[in-house]
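A quick write-up on the structure given underneath.
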Amino acid sequence: MKPEKEKYWSPYAAGFMLGLVLLATFFLMGRGLGASGGVMRTVTYVVDKLDAGHVDHNPYFAKYAGGEKNPLKDFLVFEILGVIVGGFLSGALAGRLKFRTDKGPRISVRGRWILAFLGGGLMGFGARLAKGCTSGQALSGGATLALGSWAFMMVMFVAAYAIAYFVRKQWI
Amino acid sequence: MFAPLYKYGYFGFETSLVIAFALGILFGFTLERAGFSSSRKLALQFYFRDMTVLKVMFTAIVVAMVGLLYLNLADILDLSRIYLNPTYLYSQIAGGVIMGFGFVLGGYCPGTSMVASAIGKIDGFFYVAGMLLGMFIYGEVFPSIQNFTQSGYLGNVTLSDWLSLRPGVIAFLVILMALGMFWGAEVLERKFSEPPEASQQPSASPGDAVPASR
Numbered sequence: 423m424k425p426e427k428e429k430y431w432s433p434y435a436a437g438f439m440l441g442l443v444l445l446a447t448f449f450l451m452g453r454g455l456g457a458s459g460g461v462m463r464t465v466t467y468v469v470d471k472l473d474a475g476h477v478d479h480n481p482y483f484a485k486y487a488g489g490e491k492n493p494l495k496d497f498l499v500f501e502i503l504g505v506i507v508g509g510f511l512s513g514a515l516a517g518r519l520k521f522r523t524d525k526g527p528r529i530s531v532r533g534r535w536i537l538a539f540l541g542g543g544l545m546g547f548g549a550r551l552a553k554g555c556t557s558g559q560a561l562s563g564g565a566t567l568a569l570g571s572w573a574f575m576m577v578m579f580v581a582a583y584a585i586a587y588f589v590r591k592q593w594i
Numbered sequence: 002m003f004a005p006l007y008k009y010g011y012f013g014f015e016t017s018l019v020i021a022f023a024l025g026i027l028f029g030f031t032l033e034r035a036g037f038s039s040s041r042k043l044a045l046q047f048y049f050r051d052m053t054v055l056k057v058m059f060t061a062i063v064v065a066m067v068g069l070l071y072l073n074l075a076d077i078l079d080l081s082r083i084y085l086n087p088t089y090l091y092s093q094i095a096g097g098v099i100m101g102f103g104f105v106l107g108g109y110c111p112g113t114s115m116v117a118s119a120i121g122k123i124d125g126f127f128y129v130a131g132m133l134l135g136m137f138i139y140g141e142v143f144p145s146i147q148n149f150t151q152s153g154y155l156g157n158v159t160l161s162d163w164l165s166l167r168p169g170v171i172a173f174l175v176i177l178m179a180l181g182m183f184w185g186a187e188v189l190e191r192k193f194s195e196p197p198e199a200s201q202q203p204s205a206s207p208g209d210a211v212p213a214s215r
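Line order of the protein sequences matches chains A and B.
Residue 423 is where the first sequence starts when you use the numbering used here, and the numbers rise one by one after that.
Residue 2 is where the second sequence starts when you use the numbering used here, and the numbers rise one by one after that.
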């Protein structure tokens, strides 16, 4: 099929806009953006519905949903709902709404799905270990010059470059 | 000083959730416009073929960082009321390594995976499913690794504290570093990137295609 050339904003323009959104968040809320925290709360909500006792007895889950706490009543949860809507809007306006799988030419669609699942699993785990992901730690923590956030960001980039060669068949 | 507005009581918690939703829309929209709904585009960063991730991230960090310092200087925003991520050095470094591996393997990060899923990327769905499981596993495993997850605690420390340089000086150094990286990124992209026609190769899943709305 004929490869399409997608029209995206210039990276610097997009980065500038993202910086303004981040700044607006700080200005309004006194905190930055995030993502993984909202997802974690959603996971905890489901676990709590299935087995509230289990949540109460696990110190990590209990932090979000122990006792009567509602993990969904939180800035990040509403923010990521917005992220999904915003992403959808942008895709819709640009004609990018389509069920498809991104991958390089040397891997199968199934293969890509498996690696996406594994990668997602690693990231889900790693994001909570780091207490944030690229949004909460790298972007927000980066802008506020938090030491741990910068360390996280640098290490993440190095690790990604280090492993890239070994999974190059997936992308190039 | 009257900002951050929420901390000065301009609106309450319930309103803040609406604001969160609105900011999220802007965030998600911008991420998609930057091309971050494409795992391949994101991953090519790590093959030096598409440096968009670096450019977007560091431009955003610099803009927000400078904005915060300026608003503070102009007596508009109280920097001391801005939430600072506490540093748990070893836990965060370990998390960073795992996320670096996960990024290249999965092709997304948590935020971008949701944007991708929102526009129908099936690999995004699988990534999100994996992410949900990974987070659940973290919760389950947490009691046995609890001490490690809090290791290297240094409190609310910044680069400014660590290097004993004023925030303004740190910001200046960060800007220099960003400019250097942008210049390097342009050079690397010119050297390694594929011709424009070859760089976007999404593959449709047969029987699943939904006509793109125009």
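Beta carbons are placed, not taken as given, at the ideal position from N, Cα and C, and that holds for glycine.
Since the structure is predicted, the reported quantities are computational estimates derived from the model, not experimental observations.
For the alpha helix (DSSP H) that contains residue i, what are its first and last residues?
i: R522/A; result: No alpha helix (DSSP H) contains R522/A, which is instead part of the beta strand (DSSP E) from R522 to D524.
i: Y587/A; result: Element bounds for Y587/A: n/a, residue is neither H nor E.
i: G29/B; result: F14 to R34
i: Y434/A; result: P433 to M451
i: E190/B; result: P168 to F193
i: S40/B; result: S40 to A44
i: F256/B; result: Not covered by the structure: residue 256/B. The range shown for chain B is 2 to 215.
i: Y486/A; result: P481 to A487
Let me know the secondary structure DSSP gives residue i once reduced to three states.
i: T464/A; result: helix
i: T150/B; result: helix
i: Y91/B; result: helix
i: G156/B; result: strand
i: L551/A; result: helix
i: L515/A; result: helix
i: L78/B; result: strand
i: A130/B; result: helix
i: K495/A; result: coil
i: I594/A; result: coil
i: A401/A; result: Nothing about residue 401/A can be read from this structure; chain A reaches only from 423 to 594.
i: A457/A; result: coil
i: K471/A; result: helix
i: L429/A; result: Residue 429/A is actually Lys in this sequence, not Leu. Three-state result, K429/A: coil.
i: G122/B; result: Looking at the sequence provided, one finds Lys at residue 122/B rather than Gly. K122/B: strand per DSSP, three-state reduction.
Leaving aside the five residues before and after residue i along the sequence, list all residues of the same chain whose C-beta is less than 6 angstroms from its C-beta, in chain order.
i: Y7/B; result: S17
i: Y128/B; result: G107, Y109 and S114
i: P493/A; result: R463, T466, Y467, Y486 and A487
Am I right that residue i and residue j are in contact with their C-beta atoms under 8 angstroms? What's the rounded C-beta distance?
i: L78/B; j: M2/B; result: 6 angstroms
i: G563/A; j: G459/A; result: The pair is not a contact, with the Cβ atoms about 12 angstroms apart (cut-off 8 angstroms).
i: A487/A; j: Y467/A; result: 6 angstroms
i: A117/B; j: S38/B; result: 5 angstroms
i: S40/B; j: Y109/B; result: 5 angstroms
i: F12/B; j: V465/A; result: That pair is no contact at about 29 angstroms.
i: T556/A; j: G68/B; result: Actually they do not touch by this definition, with Cβ atoms about 19 angstroms apart.
i: S152/B; j: Y84/B; result: The Cβ separation is near 22 angstroms, so there is no contact.
Output needed for residue i: all residues of its chain with C-beta closer than 8 angstroms, excluding positions within five of it in sequence on either side, in chain order.
i: A435/A; result: none
i: G156/B; result: P87 and T88
i: K56/B; result: F183 and A186
i: M439/A; result: W431
i: G513/A; result: L519
i: F131/B; result: According to the sequence displayed, residue 131/B carries Gly and not Phe. Excluding residues within five positions, the ones whose Cβ falls inside 8 angstroms are G107.
Which residues in the same chain have their Cβ closer than 7 angstroms to the Cβ of residue i, if we skip the five residues on either side of it in sequence?
i: A565/A; result: L444 and G454
i: K525/A; result: V531, R534 and Q592
i: V70/B; result: Reading off the sequence shown, one finds Leu at residue 70/B, where the question assumed Val. Closer than 7 angstroms at the Cβ level, and outside the excluded window around L70/B, lie P168, G169 and A172.
i: F59/B; result: A179 and M182
For a cutoff of 9 angstroms on Cβ pairs, would you count residue i as touching chain C?
i: K491/A; result: Among the protein chains of the structure shown, namely A and B, there is no chain C.
Contact between the segment 141 to 148 of chain B and the segment 58 to 74 of chain B (3+ Cβ pairs under 8 angstroms)
Taking 8 angstroms as the limit for Cβ pairs, the verdict is that the segment 58 to 74 of chain B does not touch the segment 141 to 148 of chain B.
Given 8 angstroms as the limit, is there contact between the segment 538 to 546 of chain A and the segment 94 to 113 of chain B, that is, 3 or more CB pairs closer than that?
Note that the segment 538 to 546 of chain A touches the segment 94 to 113 of chain B; at least 3 beta-carbon pairs, one per stretch, sit closer than 8 angstroms.
Cβ contact check for the segment 33 to 49 of chain B and the segment 518 to 530 of chain A: 3 or more pairs under 8 angstroms
Touching, yes.
Can we say the segment 460 to 480 of chain A touches the segment 565 to 574 of chain A, given the rule of at least three CB pairs closer than 8 angstroms?
Touching, no, given that fewer than three Cβ pairs across the two stretches are closer than 8 angstroms.
Are the segment 66 to 76 of chain B and the segment 469 to 479 of chain A touching by the rule of at least three beta carbon pairs closer than 8 angstroms?
As far as the Cβ criterion goes, the segment 66 to 76 of chain B does not touch the segment 469 to 479 of chain A, which means the pair count is below three.
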